[in-house]
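Only one structure is covered here, and it is reproduced in the block below.
Numbering (the numbering used here), first residue to last: 550 to 722.
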């Protein structure tokens, strides 16, 4: 659901080239073990929570802890650190030339939504996120009629500029 969620980086359409998304820039250490990301300021999750380094850390830690789907792509990560509000550092246990290409696949969910919907039996709010979405993307999750349609509405607080003819979307099927 790239309409609802974004990663630190994204692919240029119809290309294997990476470009900034939630991270506006990044640096890789000479040994290939440390990746330092400068994050965009002023980005909000759909629930109004700020996107910052701590939020990104919580989202990435959650993916690792769930240990399913995209978590397998994170096996080389040994540490995730919020250096300051807009700087995130990821350290790998070994160099991985494919690491940056993993980042567009990792959907960062709102830590505020995790906190609001977690339970003792479901501390990562997986049940909530199975049928809801709270990301930073250009569209907000509105409703889902299982087997029928998903309705997304325009995120009026989106950090990128909108095209003038952008409208809400429904996906059937």
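Backbone N, C-alpha and C fix where the C-beta goes; we use that ideal spot for every residue, glycine too.
For clarity, every value in this text was computed on a predicted model and none was experimentally measured.
- Take the alpha-carbon of residue 697 and the one of residue 670: they are about 29 angstroms apart.
- Inclusion of residue 594 and residue 653 in the CB contact set at 8 angstroms is not warranted, their separation being larger than that value.
- In this structure, the straight-line span from the alpha carbon of residue 707 to that of residue 571 is close to 11 angstroms.
- Within the DSSP secondary-structure output, residue 599 pairs in a beta bridge with 593.
- Annotated three-state conformation of residue 690 is strand, per DSSP.
- Per DSSP, reduced to three states, the secondary structure at residue 568 is strand.
- Around the beta carbon of residue 685, a 10 Å sphere encloses 16 or more other beta carbons of the protein chains shown; the residue is thus reported as buried.
- Taking every protein chain shown into account, the CB of residue 581 has fewer than 16 other CB atoms within 10 angstroms, so this residue is exposed.
- Contact between residue 590 and residue 635 holds: their C-beta atoms lie close to 6 angstroms from each other, under 8 angstroms.
- Ranked by how close their Cα comes to the Cα of residue 645, the residues 627, 607, 618 have 627 in first place.
- Of the candidates 648, 620, 553, 556, the residue whose Cα lies closest to the Cα of residue 584 is 648.
- Counting only the Cα atoms, residue 702 lies some 12 angstroms from residue 683.
- Annotated three-state conformation of residue 698 is strand, per DSSP.
- Following the DSSP letters along the chain, one finds residue 586 in no alpha helix (DSSP H) but inside the beta strand (DSSP E) bounded by residues 583–588.
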